[in-house]
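Down below is the structure, laid out as structure tokens.
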Amino acid sequence: MTDLLATLDPSRKGGDPGAPGARALLAHVMSTSAPVRRRRFLRPVLVAVAAGLVVTLTPPQFVTSYANAAVEIHLEGEQYVARVLDPFADHERFTEAFRAVGLDVRIRPLPVSPLSAGTSLGMMIGGTFDRPDEIGGEFAYGGVVLSADLEPKGCAPAAPGCAMIVRVPAGFPGSVDIRLGRPARPGEDYADYDKALGPGGPLHGVRLRHGAPVKEVRAEAERRGLRVTYQRIEIGPGGGLSFVDDTPGDQWTVWNAWQVREGVVRLLVTERRLSQNPFYNGSAPPPNL
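Residue numbers for the sequence shown follow the working numbering, beginning at 140 and rising by one.
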């Protein structure tokens, strides 16, 4: 190639570019394709990496205790034991605490007289159970009694160390609704209205088993510094009772008395004397009458 190109150099002797040989060489070079330098591109390579994604399934933790301002709950053996700390707390705080340990238990504080403060006014148990049982006359599940009582047993609700204790079997699948008596605020009506004639009640000692004239019962209530209200008893076809506010005569008959709120009682009356007390038909012990 050097020799051939030398014929194109006009400085060299005989290097006439117009010569026939030079023109032939130039034509050959121009007609020949120059080698193409290929660029090397790196194609992106998708590398499938088998990621070792490990998912650890942690079983739900078994909660053994929970506490808030209303109640504290601890697992003791095969049962959860709840100590009520604040009977004035909103019922949702109690529900929250029991839900935290996996139980459907609702405590509904209701205003009551000092006679029932801190005590259970009743318990409703719902659900279908494979192992319902009864121990000592109380509902049990899996051999564990479900209860709501003052402890120590027989203690005074307002006394130091005396508290409402709720015991629920661990894993209990049903629902529990407990009505808890809390001290009534001034002006609140009592939920334990039927305590008027019982020990410690505002009309304790007044006997109404066989009825008594309005005039006599009213005089005794006023002597004790009580304000008296009245409701007339209406007896339905099936024996059910309903009550209507009324102003009775002195000779109407009083068959029962309720405590309404602090310092107020209600006398339940009929205009005509009945053959028997409508609150006691002989099939059950008389309710403090």
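C-beta atoms are modelled at their ideal positions from N, C-alpha and C, and glycine is treated no differently.
Nothing here was measured: the structure is a model prediction, and the numbers come from that model.
- Query: Do the CB positions of G257 and P296 come within less than 7 Å of each other?
  - Reply: Numbered from 1 along the sequence shown, position 118 holds the residue referred to as residue 257. Numbered from 1 along the sequence shown, position 157 holds the residue referred to as residue 296. Yes, Cβ-Cβ distance for G257 and P296 is below 7 Å.
- Collapsed DSSP secondary structure at D333 in the structure displayed: Along the sequence shown, one-based indexing puts residue 333 at 194. D333: helix per DSSP, three-state reduction.
- Inter-residue Cα distance where the pair is P376 and F418: Counted from its first residue, the sequence shown places residue 376 at position 237. Counted from its first residue, the sequence shown places residue 418 at position 279. So the two alpha carbons sit approximately 15 Å from each other.
- Query: Going straight from the alpha carbon of H230 to that of A302, what length do you get?
  - Reply: Taking the first residue of the sequence shown as 1, we reach residue 230 at position 91. Taking the first residue of the sequence shown as 1, we reach residue 302 at position 163. Taking the straight line from one Cα to the other gives about 17 Å.
- Query: Considering only C-alpha positions, which residue in the set V210, E361, S252 is nearest to T234?
  - Reply: One-based indexing of the sequence shown puts residue 234 at position 95. Answer by Cα proximity: V210.
- Over what stretch of residues does the alpha helix (DSSP H) that includes A239 continue unbroken? As a working mapping, residue 239 is identified with position 100 in the sequence shown. Per DSSP, A239 belongs to the alpha helix (DSSP H) from 230-239.
- Item | Contacts around V408, its chain only, beta-carbon distance under 8 Å, and the 5 residues preceding and following it disregarded | Mapped onto the sequence shown, residue 408 falls at position 269. If we look at V408 and ignore the five residues flanking it on each side, its Cβ neighbours are V353, Y369, Q370, R371, I372, D385, P387, W391, T392, V393, W394.
- Roughly how many whole angstroms lie between the Cα atoms of R411 and R366? The sequence position of residue 411 within the sequence shown is 272, counting from 1. The sequence position of residue 366 within the sequence shown is 227, counting from 1. Their Cα atoms are separated by approximately 24 Å.
- Item | R306 (DSSP reduced to helix, strand or coil) | Stepping through the sequence shown from its first residue, residue 306 is reached at position 167. Residue state, collapsed to three classes: strand.
- Item | 7 Å Cβ shell around G266 - same chain, five flanking residues per side excluded | By one-based count along the sequence shown, residue 266 stands at place 127. These residues qualify, in order along the chain: P312, G313, S314.
- Message: Considering Cα atoms alone, identify which of G293, L285, E290 is closest to D316.
- Response: As a first step, residue 316 must be located in the sequence shown, where it is residue number 177. Checked all of G293, L285, E290; the closest Cα to D316 is L285.
- For A396, three-class secondary structure by DSSP: One-based indexing of the sequence shown puts residue 396 at position 257. Note: A396 maps to strand in three-state DSSP.
- Message: Pull the bridge partners of S259 from the DSSP assignment, please.
- Response: The count along the sequence shown starts at 1 and reaches residue 259 at position 120. According to DSSP, S259 bridges with L319.
- With C-beta atoms as the reference, is Y332 less than 7 Å away from R400? Numbered from 1 along the sequence shown, position 193 holds the residue referred to as residue 332. Numbered from 1 along the sequence shown, position 261 holds the residue referred to as residue 400. No, they are not a contact pair.
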